[in-house]
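Under my numbering, read the sequence shown as residues 1 to 240, first letter to last. Each remark here refers to the structure printed beneath this line.
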Amino acid sequence: MAETSNINPELIRKKRPKKIPPADETEQWLLTYGDMVTLMMTFFILLFSMSTLDPVKIRAFADAVSEVMGASPVERDQIDLAAIMKKVTDIVLEQNMQENVSVSSSKRGVNISFKGDVAFKTGSAELSDLAKNLLDKLAPEINAALQNDIPFPIAIEGHTDNVPLREGGLFKSNWELSTARASATVRYLIDIGGVVPPEGQGKLSAIGYADTWPKPGYSNETAEGRAANRRIEIIFLTIG
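Structure below.
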């Protein structure tokens, strides 16, 4: 006689493994998209680092990145400043003026520093031929920055050492001399270099600081420091 099974069918059903619900397709799509964007960014940054920097191309690249990644205008302007620094550095090297002109970057922006003893005669605000030649080369880059869709403010700054001017000279103080030198540089860029400042925006300025802003690392207590502090600076100022 066949034995009757005492196993409850309900218990058997409960022991069966549950099916795993399918993964959220939306989340999978986002992960794939994120990986793709990361790979594309890595690829384009690699190409960017190996290419010759061109301001127009850099702006196009920055705009494309901002559309995908939501980059801010300040971040895009940092890319523009990198292109400007590359351009002006190349100009200084092409003119073989690296001993008299330095190019650097800081939180303020891109700084072109021209030794005052080379740009002007002692106690004078008349530009030397060497200074004019460099300004001729820099003028297109300065004008392009001023005509940018978000114009870069550009400051032309005159600096001196702390040695008082001799009596009977054209200028009575280092304040007047430094301001006159900065103004002469701006005037040359506009009249001869063809630089056109945007109207009513105050984007191109001439400022004289006398001996109040020594070059970092140089003191007016030494002859070397005083020589370094006599300078004209052209600064592409950071936006934002």
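Cβ atoms here follow ideal geometry from the backbone N, Cα and C, with glycine treated the same way.
If you reduce the DSSP assignment to three classes, tell me which class residue i lands in.
i	result
residue 206	strand
residue 125	coil
residue 222	coil
residue 53	Only weak support exists for where residue 53 lies, its pLDDT of 47 falling under 50; the value from the coordinates is given anyway. Three-state result, residue 53: coil.
residue 212	coil
residue 99	coil
residue 199	coil
Using only alpha-carbon positions, find the residue among the options that is nearest to residue i.
i	options	result
residue 165	209, 157, 185, 174	174
residue 138	216, 101, 106, 122	101
residue 201	146, 105, 213	146
residue 212	158, 171, 187, 222	158
residue 199	227, 153, 237	153
residue 238	105, 132, 86, 92	105
residue 151	195, 170, 182	195
residue 115	132, 192, 81, 228	228
residue 226	86, 37, 162, 189	162
residue 224	90, 128, 160	160
residue 99	192, 117, 168	117
Name the one or two DSSP bridge partners that residue i has.
i	result
residue 243	An answer regarding residue 243 cannot be provided, because it is not within the stretch 1 to 240 covered by the chain.
request  = Spell out a yes or no on whether the stretch 208–217 and the stretch 172–186 are touching, meaning 3 or more CB-CB pairs, one atom from each, closer than 8 angstroms.
outcome  = yes
query = Which ranges would you report for the beta strand (DSSP E) in the stretch 114–197 if only whole runs of at least 3 residues count?
reply = 154–159
task = Could you say if the stretch 115–127 and the stretch 140–156 meet the contact criterion of at least three C-beta pairs nearer than 8 angstroms?
result = no
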